[in-house]
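Numbering-wise (our numbering), the sequence shown opens with residue 282 and increments by one.
Glycine included, C-beta positions come from ideal geometry on N, C-alpha and C.
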Amino acid sequence: MADDDNLANVVFRKAEADPSAVVFSRKTAEGWLDVGYDEFARLVLGLAKGLVANGISAGDRVLILGGTSFEWSAADFAVLSVGAVAVPVYPTSSAEQIHHIVADARPSACFVETDDQRELIVTAAGQALRGRGWLLGSSLPALIEQGAAITDAEVTDRRQGVRADDVATIVYTSGTTGVPKGCLLTHRNIFAAAANVVELLDTVFRRTPSDPASTLLFLPLAHVYGRVVQFGCVLAGVRTGLVATPAQLPAELPIFRPTFLIGVPYVLEKIRKAARQALGGDRYDTAEAAAIAVGHARRRGEQPPASAVIDAEIGKQWRGMLGGRLEHMVAGGASLEPSTADFFTGIGVEIIGAYGLTEASSTVSMSAPQANRAGAVGRPVPGTTVAIADDGEILVRGPQVFPGYWPDGGHPAENWLATGDLGRLDEDGFLFITGRRKEIIVTSGGKNVAPAPLEDRVRLHALVSNCMLVGEGRPYVTALITVDPVVLARWAAEQGVDLSGGVPTDDARLLAELSVGVEAANRLVSRAESIRRFAVLAEDFSMEKGQLTASLRLRRAAIEADFDAVIASLYPD
282 MADDDNLANV
292 VFRKAEADPS
302 AVVFSRKTAE
312 GWLDVGYDEF
322 ARLVLGLAKG
332 LVANGISAGD
342 RVLILGGTSF
352 EWSAADFAVL
362 SVGAVAVPVY
372 PTSSAEQIHH
382 IVADARPSAC
392 FVETDDQREL
402 IVTAAGQALR
412 GRGWLLGSSL
422 PALIEQGAAI
432 TDAEVTDRRQ
442 GVRADDVATI
452 VYTSGTTGVP
462 KGCLLTHRNI
472 FAAAANVVEL
482 LDTVFRRTPS
492 DPASTLLFLP
502 LAHVYGRVVQ
512 FGCVLAGVRT
522 GLVATPAQLP
532 AELPIFRPTF
542 LIGVPYVLEK
552 IRKAARQALG
562 GDRYDTAEAA
572 AIAVGHARRR
582 GEQPPASAVI
592 DAEIGKQWRG
602 MLGGRLEHMV
612 AGGASLEPST
622 ADFFTGIGVE
632 IIGAYGLTEA
642 SSTVSMSAPQ
652 ANRAGAVGRP
662 VPGTTVAIAD
672 DGEILVRGPQ
682 VFPGYWPDGG
692 HPAENWLATG
702 DLGRLDEDGF
712 LFITGRRKEI
722 IVTSGGKNVA
732 PAPLEDRVRL
742 HALVSNCMLV
752 GEGRPYVTAL
762 ITVDPVVLAR
772 WAAEQGVDLS
782 GGVPTDDARL
792 LAELSVGVEA
802 ANRLVSRAES
812 IRRFAVLAED
822 FSMEKGQLTA
832 SLRLRRAAIE
842 ADFDAVIASL
852 YPD
């Protein structure tokens, strides 16, 4: 990106060059409605005029609180067009978290989904926000009307005055621990990340005019991963439909029929489980095993075994559930359990590994189509250097690395970013994630245990929704397990188990069934690292309760605090 360029310019350049080309698709009561660059640019311009009319100046912070939507994207580009700074907030944020962000960021305006959210933010901000809170959707026409007297040239001048190294957004992240901190990301940071994604996924993003690329974006736009995907799709001209949550995917995939998806491993595992729930049975199990065997061979460049024949009818049903056109899935944010990657590869969907974190604009490494390596998260993206410290920590340097935390910055981009993740580089430069420094469990006997591989394997059991290992400073490792309510209901009906009192956490038959998953995980490690005991919880982990991050990673300290009595019962001696 040139020093005098910025993210908002991309939309307007595209609108001039190819005004009718489709860039977004809006979900309406009549179905999906395509939106061209010119229509989107005119909407962004109208909203930007409204912001100018309301006194929003360059550098002002503007909160955007809501689920992933077309209106969210339009508000984002409008904020950037006037040189202001977008501050995304998760719709699942608690009142306490919102108060913290408002107090820290000191916003001048906000976009929200509900009147209650607007009142909460305005109350927290005081007079600074009074009259400058708009609902995503119903308030947007009024905002555009307020800017009717502002000329196109005035907004253009504002937009052209924004520089590449100006701050574009403040993304609040606490990761898996701690109080949320505001990561400063510049226009250059995000553009570098988005351009790298487009370059590496060129054959995924740019298909033939008769069969164009399309995707359903379900990642939260409050997370930089979702934002980078959004900017990459705008840059490359990908028809992008936006859905508020991953829960909407099963219904929308057969209708929208995307050619690729970008998500996190947890969601891919949920899609696989949803297929099992819908089509399960002995015949399905045989077909799934065959798909895994085929995928395992393909991902390693080997010939699939002759015995691995996928049932044609079930294969057709799998493809139908995914929309019939899906060819690629990018899995970033965490390591993907190998058999899930094998399964999707076996049914004809190439899995592309990726890795990143907020401080590096979500993009550190990524595989390219037909250049994958089993278990890897790709090679460092162009312009990026990755090194492994003596203790195994991944260090990163590149144009996407943030300049520091709000408000002071103080982390020069030319210095190494210590990620907190552990990994290794192979002889061909592929990066493998082996754990997270803060997540390594050290038992009282001094044994180091990486919890993620064991948790991933336990989660493969059909009944399991989530799993978290415990054992720091304790004599052995234990696990907290939550169950999938849909699968539990079906299993209980087959077994004659009464669910009227909720999840039967002490039922011997349920514990025996879950032990199968625990034993499968234990076969991966030595006895000193194995799960000795486990407890079934009556409720699942959730973002709303502060137990999961936006990328659905476990907030271990919060979970341990919430279930301290349960954990104590696992260590009776």
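Inset, instruction - Within 10 angstroms of the Cβ of residue 719, are there 16 or more other Cβ atoms? Answer buried if so, exposed if not. - result: It counts as exposed.
Inset, instruction - With DSSP as the reference, label residue 347 as helix, strand or coil. - result: coil
Legend entry - First through last residue of the alpha helix (DSSP H) which encompasses residue 426: 421-427
Legend entry - CA-to-CA distance, residue 589 to residue 371, given in whole angstroms: 44 Å
Legend entry - Beta-carbon proximity of residue 750 to residue 732, cut-off 8 Å: In this structure, residue 732 lies closer than 8 Å to residue 750 by Cβ.
Legend entry - Residues that residue 829 bridges to, as DSSP identifies them: DSSP lists 835 as the bridge partner or partners of residue 829.
Legend entry - Status (buried if at least 16 other CB within 10 Å, exposed otherwise) for residue 829: buried
Legend entry - Residue-chain proximity (residue 827, chain D), Cβ-Cβ < 8 Å: In summary, chain D is missing from the structure at hand, where a single protein chain is found.
Legend entry - Burial state of residue 426 (16 or more Cβ within 10 Å): exposed
Inset, instruction - Taking the CB atoms as reference points, tell me whether residue 690 and residue 624 lie closer together than 8 Å. - result: no
Inset, instruction - Can you say whether residue 500 is buried or exposed, counting buried as having 16 or more other CB atoms within 10 angstroms of its CB? - result: buried
Legend entry - Cβ shell of residue 664 (< 6 Å), same chain only, five flanking positions each side left out: 679 and 680
Legend entry - residue 311 in three-state terms, based on DSSP: DSSP, reduced to helix, strand and coil, places residue 311 outside both helices and strands of the structure shown, so it counts as coil.
Inset, instruction - Rounded to whole angstroms, what's the CA-CA distance from residue 781 to residue 768? Just pull it up for me. - result: 16 Å
Inset, instruction - Look up residue 674 in the DSSP assignment and say whether it is helix, strand or coil. - result: strand
Legend entry - residue 589 in three-state terms, based on DSSP: coil
Inset, instruction - Taking the CB atoms as reference points, tell me whether residue 284 and residue 445 lie closer together than 8 Å. - result: yes
Inset, instruction - Give a yes or no on whether the C-beta atoms belonging to residue 613 and residue 635 are separated by under 8 Å. - result: Yes; because the gap between Cβ atoms is below 8 Å, this pair is in contact.
Inset, instruction - Mind checking who residue 609 pairs with in its DSSP beta bridge? - result: Answer is 541 and 631, bridged to residue 609.
Inset, instruction - Would you mind stating whether residue 742 and residue 795 have Cβ atoms separated by less than 8 Å? - result: yes
Inset, instruction - Compute the Euclidean distance between the alpha carbons of residue 383 and residue 406, then round it to the nearest angstrom. - result: 6 Å
Inset, instruction - Measure the C-alpha to C-alpha separation of residue 308 and residue 352 and round it to an integer number of angstroms. - result: 11 Å
Legend entry - Reference residue 250; option with closest CA among 654, 745, 832 and 838: With the chain covering 282 to 854 only, the question about residue 250 has no answer from this structure.
Inset, instruction - Over the uninterrupted alpha helix (DSSP H) stretch that includes residue 295, give me the two end residues. - result: Under the DSSP assignment, residue 295 falls in the alpha helix (DSSP H) whose first and last residues are 288-298.
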